[in-house]
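Undergrad:
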Amino acid sequence: MDKPSHLSVVIDLSLTQWTLCAQSTNPPGITLQDFLSQLLAFLNAHIACKDENTLAVFGAFPGQSVMLYSSTGEVTTTTAESTDANTYRPFRTLDSTIMSSIAERLDSYDGMTEEAPIGLVGCLTKALCYINRTITTALSSSQGGEGAAASVDPRILVLSVSPDQSSTYIPIMNSIFSAQKLKVTIDVGKIFGAENVFLQQAAHLTGGAYVQVERADALLQYMMMSFLPAPAIRQLISVPTQDRVDFRAACFCHKRIVEIGFVCSVCLSIFCQPVPVCSTCRTKFPMKTLQRLRDARPLAAPPGNAPPRPPVQKNGTTTPARPG
Ligand SMILES: [Zn+2]
Ligand SMILES: [Zn+2]
1 MDKPSHLSVV
11 IDLSLTQWTL
21 CAQSTNPPGI
31 TLQDFLSQLL
41 AFLNAHIACK
51 DENTLAVFGA
61 FPGQSVMLYS
71 STGEVTTTTA
81 ESTDANTYRP
91 FRTLDSTIMS
101 SIAERLDSYD
111 GMTEEAPIGL
121 VGCLTKALCY
131 INRTITTALS
141 SSQGGEGAAA
151 SVDPRILVLS
161 VSPDQSSTYI
171 PIMNSIFSAQ
181 KLKVTIDVGK
191 IFGAENVFLQ
201 QAAHLTGGAY
211 VQVERADALL
221 QYMMMSFLPA
231 PAIRQLISVP
241 TQDRVDFRAA
251 CFCHKRIVEI
261 GFVCSVCLSI
271 FCQPVPVCST
281 CRTKFPMKTL
291 QRLRDARPLA
301 APPGNAPPRP
311 PVQKNGTTTP
321 ARPG
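Position 311 (the sequence shown) corresponds to 311 in full-length UniProt numbering; numbering is contiguous.
Encoded structure:
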């Protein structure tokens, strides 16, 4: 419990979504400025908790993913820091580095062209690589032993305002598997918008907390209560857990979120309808099986015309029919 902990924060910086969030009245939203000031207080709290605590911050901008800050000093500001007797120096360095790099990048968007999807997957992958490289390898080389990785208790916090991009299903699932292997906990704070199916699954599968923020003006309190305690301490305090997890997956053929999927029995690729040949592993399925599966399909609404949310299971995954 007295171990240092590493936190990687992924911030969703989609300008369109933040504008919608600021204009939202029900539930009341917050502006990007308010969000950032609450976030900085939270990040300062994390590095103040323990001297050895480490922090990395990644920005998911439209179409790109950028490392904004790391406590190992990989990102440095060009602005000269003035000394201030009333501010703890690490806080000041953190605040000015993050704010100046966000401002610099957001200024380059003109708002005229349509916004590209945010680089969430890029940020997740970079965060995992960062944890693997600097935290795990540095520790195992200095302590030279098993269990070194576990002593850092690494975790990733995703603060999201954008909806799911179904095209990112496969890379997000791969990130989840890597996180499980590295024993990284993924926490998700959903500040604005509908629930994210994929991020819910990420939190559920890595033992993290998924928190749908209902009062965005009290965001700092949500973050302090749910995301500040390291995973090891969470057994002692009550961190919000999910009572419902949406386990739907996206089909590999159209990248659409499906409720009933057909899974290749060889490579586990998911399809929205029975296919004669798996597009991933080229396995051929007998016509008889295809016909049987087509006949067994329930008379659901045509794909694309999504019916209301399905009942979701508490534990376990949806079990799609398997051809072959
Ligand atoms: Zn499909
Ligand atoms: Zn296959």
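Virtual Cβ for every residue (Gly too), placed ideally from N, Cα, C. Every value quoted in this text rests on a predicted model; they were computed, and no experiment measured them.
Count the other CB atoms, across all protein chains shown, that sit within 10 Å of the CB of Ser238; report buried if there are 16 or more and exposed otherwise.
TA: exposed
Undergrad: Let me confirm a value: Gly208 is counted as buried when at least 16 other C-beta atoms fall within 10 Å, else exposed. Which label applies?
TA: Around the beta carbon of Gly208, 16 or more other beta carbons sit within 10 angstroms, so the residue counts as buried.
Undergrad: Could you give the distance in angstroms between the alpha-carbon of Ala85 and the alpha-carbon of Asp243?
TA: 47 Å
Undergrad: Please report the residue range of the alpha helix (DSSP H) in which Val57 lies.
TA: From DSSP, Val57 is part of no alpha helix (DSSP H) but of the beta strand (DSSP E) over 54-61.
Undergrad: Would you mind stating whether Ile11 and Ala48 have Cβ atoms separated by less than 9 Å?
TA: no
Undergrad: Using C-beta distances below 6 Å, list every residue in its chain close to Val188, excluding the 5 sequence neighbours before and after it, in chain order.
TA: Val158, Leu199, Ala203, Tyr210
Undergrad: Does Gln166 come out as helix, strand or coil in the three-state DSSP assignment?
TA: Per the sequence presented here, residue 166 reads as Ser, with Gln not at that position. DSSP, read as helix, strand or coil, puts Ser166 in helix.
Undergrad: Apart from the five residues just before and just after Thr185, which ones in its own chain have a Cβ nearer than 7 Å to its Cβ?
TA: Arg155, Thr206, Gly207, Gly208, Pro231
Undergrad: Mark Phe35 as exposed unless 16 or more other C-beta atoms lie within 10 angstroms of its C-beta, in which case mark it buried.
TA: Flag for Phe35 reads buried.
Undergrad: Is the beta carbon of Ala256 within less than 8 Å of some heavy atom of ligand 1?
TA: Rather than Ala, the amino acid found at residue 256 in this sequence is Arg. The answer is yes for Arg256.
Undergrad: Looking only at its chain, what residues have a beta carbon closer than 7 Å to the beta carbon of Leu276, apart from the 5 residues adjacent to it on each side?
TA: What sits at residue 276 in the sequence shown is Pro, not Leu. Once the five neighbours on either side are set aside, the close Cβ partners of Pro276 are Lys284, Phe285, Leu290.
Undergrad: Which partner residues of Tyr210 appear in the DSSP bridge assignment?
TA: Val188
Undergrad: Determine the contact status of Cys267 and Arg256, defining contact as a CB-CB distance below 9 Å.
TA: no
Undergrad: Is Thr125 near ligand 2, with its Cβ less than 8 Å from a heavy atom?
TA: no
Undergrad: Could you give the residue range of the beta strand (DSSP E) that holds His6?
TA: Here the beta strand (DSSP E) through His6 covers 6-12.
Undergrad: Taking the beta strand (DSSP E) that Tyr130 belongs to, which residues open and close that run?
TA: Per DSSP, Tyr130 belongs to no beta strand (DSSP E); it is in the alpha helix (DSSP H), 120-130.
Undergrad: Do Leu32 and Leu94 have their beta-carbon atoms positioned less than 9 Å apart in this structure?
TA: no
Undergrad: With Gln64 as the anchor, note down where its beta strand (DSSP E) starts and where it stops.
TA: 64-70
Undergrad: Measuring alpha carbon to alpha carbon, tell me which residue in Arg294, Ala194, Val66 is nearest Leu124.
TA: Of the candidates Arg294, Ala194, Val66, Val66 places its Cα closest to the Cα of Leu124.
Undergrad: What are the partner residues of Lys284, as DSSP defines its beta bridges?
TA: Val277
Undergrad: List the DSSP bridge partners of Ile237.
TA: Beta-bridge pairing links Ile237 to no other residue.
Undergrad: Please find out if some non-hydrogen atom of ligand 3 comes closer than 8 Å to the beta-carbon of Cys251.
TA: You won't find ligand 3 in this model; what it holds is ligand 1 and ligand 2.
Undergrad: I need the straight-line Cα distance from Ser162 to Arg292, nearest angstrom please.
TA: Cα-Cα distance, rounded: 39 Å.
Undergrad: Is there at least one non-hydrogen atom of ligand 1 closer than 8 Å to the beta-carbon of Cys264?
TA: Not under cutoff, so the answer is no.
Undergrad: Where Lys50 and Leu228 are concerned, what is the direct C-alpha to C-alpha distance, given to the nearest angstrom?
TA: In this structure, the straight-line span from the alpha carbon of Lys50 to that of Leu228 is close to 12 Å.
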